[in-house]
């Protein structure tokens, strides 16, 4: 079975540029999560979607970050303009929710290592 | 808000020995789910084991088992017969059934010595 698929695996770009990270969740999963991992702050939840609808975006650092989920099989996380402090590994994860109860584990993609120069 | 604490930034174990990683959490909920994830150098996040709070029996998965102490809000991971491939960062995580929020601890880096 295909797991969560993220692209690109690595991204290096100059500050000020727009960055778009992509995620394809596991088929049938109705919840999708974006995390950021850094040495200083560990794993931080940025935003999550339930049935393609953003539920909690309180973890999004600032207006430069935006996320969309146009359909059940695709999501993007965009940073515009990017800054060096955005350098991190960004993970996408998905899970299924039954009857509103979140008893399923999250399955993670391999992450995107983002470096902003 | 729930918090998850892993008090051991680093741990070391000899190959074939047993090691226990600690995790405590803070919650006012009675029903919740706990997980241990492993992150090897390849940076994949791999689910190791999970525990439902309403179950008294400790979860086991081959060489991995947990010691779940609900009253103490403790959820430690025991790795038996440690192997070189067990070397990784281990994250403890709490998930509330009321929402999709999952809280992670800061992680414990496990080194396995041959």
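Chains as they are written, first to last, in the numbering used here: chain B, 1 to 117; chain D, 1 to 114. Glycine included, C-beta positions come from ideal geometry on N, C-alpha and C. The structure presented is a predicted model; accordingly, all values stated were derived computationally and were not measured.
Sequence ranges, beta strand (DSSP E) only - wholly within the segment 16 to 69 of chain D, length at least 3: Segments of the beta strand (DSSP E) lying fully in the segment 16 to 69 of chain D: 19 to 21, 24 to 26, 33 to 39, 46 to 52 and 64 to 69.
With respect to the beta strand (DSSP E) encompassing residue 14 (chain D), which residues constitute its N-terminal and C-terminal limits? 10 to 14
Terminal residues of the beta strand (DSSP E) in which residue 17 (chain B) lies: Where residue 17 (chain B) is concerned, there is no enclosing beta strand (DSSP E), given that its DSSP letter is neither H nor E.
Any C-beta of chain B within less than 7 Å: which residues of the segment 20 to 48 of chain D qualify? Answer set for the segment 20 to 48 of chain D: 33, 35, 43, 44, 45 and 47.
Is the shortest distance between the beta-carbon of residue 50 (chain D) and the beta-carbons of chain B less than 7 Å? yes
Going by the beta-carbon positions, is the gap between residue 95 (chain D) and residue 80 (chain D) smaller than 7 Å? At a Cβ-Cβ threshold of 7 Å, residue 95 (chain D) and residue 80 (chain D) do not count as neighbours.
Chain B beta carbons: is any one of them nearer than 7 Å to that of residue 88 (chain D)? no
Please list, in chain order, the chain B residues whose beta carbon lies closer than 8 Å to that of residue 117 (chain D). Nothing can be reported for residue 117 (chain D), as the shown portion of chain D is limited to 1 through 114.
With 16 other Cβ atoms within 10 Å as the buried cut-off, status of residue 38 (chain D): buried
State yes or no: is the beta carbon of residue 111 (chain B) nearer than 7 Å to at least one beta carbon in chain D? yes
Check whether chain D comes within 7 Å of residue 74 (chain B), counting only Cβ atoms and requiring the distance to be less than that. no
For residue 108 (chain D), list the residues DSSP reports as bridge partners. D:90
What is the rounded straight-line gap between the Cα of residue 44 (chain D) and the Cα of residue 109 (chain B)? 7 Å
Look at the alpha carbon of residue 29 (chain D) and the alpha carbon of residue 66 (chain D), and state the distance between them as a whole number of angstroms. C-alpha separation (whole angstroms): 20 Å.
What first and last residue would you give for the beta strand (DSSP E) that runs through residue 77 (chain D)? First-last of the beta strand (DSSP E) with residue 77 (chain D): 74 to 79.
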